[in-house]
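Undergrad: For the record, in the sequence shown the residue sitting at position 222 is 206 according to our numbering, with numbers rising by one throughout.
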Amino acid sequence: MFASVVIPTRNAVDRLLYTLLSLNLQYVPFDQFEVIVVDNASTDGLDKRIQSFQANYPLRYIRLKTRVLPYQVLNTGIRNAHGEVVIFLGANMIVPRHFVGTHLQLHSRTDRLVLVSANWKRVYSVWYPAYSHCQKQECQRWLANYPQIKRPYTKQKTVKLLEEWHIANGLLFDIALPAPRPNPVPAAELAWSAFGTQHLSMPRSAFGRVGLFHGPSRLRSLTDREMARRLRRAGFQCRINDKVTLLCQERPPQRTAKKRPWR
């Protein structure tokens, strides 16, 4: 079985490179998955910096010249995927070394399976001058507690804080900050309520049954929920992948009044 990891991104170059690095450390053989980065017209130099990234797996970079809606970015990744299993992953998400292997193993056992994740923590992988006051305070407290993590040499510039070994030996997963607790939902609805393309996998054949993602919403969460309804009606089972915990990399607050979660 072969997997396609689809990563939509926009203006997240430093965080994305950490995500790609974590995929370089997977236990599963590198000929069992590919990574497709779909760049939604980033302006942060990703097109040049990704060329120097040395991937252990097949890496394809697709740059959209003009910014499009979230569902169009996702559909671009699907159309270019070769795997029997498609894994959607947020550009901010650092994954553990058993990440791809766990998805492949679970899908090999069950047809019509949708895997979602409810387990994640937070980490400061990059120092951004644009962090909020609360973020700066939290980041500084976290760094003070863990001298293994590099300190920013300046507070006025963007500084990468992590090294490969922080991810490879699992240290980062042990010292990461807790995620905010979501509102409780009924147990029967828990799995589908967690449906989201920040971390989600399903058979590629599912799109032949229910179609691709639909628009025109600008909110990725609404696009996700609409797809979840179609999959549920088509008889797919949704399960929480409790074997994997991801690290969500902190980012500065959005400058615009309206949140755009696909960035």
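Even glycine gets a Cβ: it sits at the ideal position worked out from N, Cα and C.
1) On a CA-only basis, which of F197, N225 and V228 is nearest L53? Give me that one, please.
2) When the Cβ atoms of the region 31 to 38 are set against those of the region 100 to 116, are three or more pairs found closer than 8 Å?
3) Can you give me the C-alpha to C-alpha distance between V228 and I151, rounded to a whole angstrom?
4) Candidates E234, P237, N225 and Q238: which alpha carbon is nearest S101's?
5) Note down the Cα distance separating G154 from L5, rounded to an integer number of angstroms.
6) May I have the straight-line CA-CA distance separating I(-9) from P236, to the nearest angstrom?
7) How long is the line joining the alpha carbons of D208 and R223, rounded to whole angstroms?
8) What does a CB cutoff of less than 7 Å around G29 pick up in its chain, not counting 5 residues either side in sequence?
9) Once the 5 residues before and after K105 are set aside, which same chain residues still bring their CB inside 8 Å of it?
10) Between the Cα of S205 and those of A190, I34, R193 and W176, spot the shortest distance and give me the residue it belongs to.
11) I need the DSSP call for Q233, collapsed to helix, strand or coil.
12) Can you look up A163 in the DSSP assignment and give me helix, strand or coil?
TA: Reading from the atomic positions:
1) F197
2) no
3) 14 Å
4) N225
5) 13 Å
6) 20 Å
7) 16 Å
8) V(-3)
9) F157, A160, L161, P162, A163, T229, L230, L231 and C232
10) W176
11) strand
12) coil
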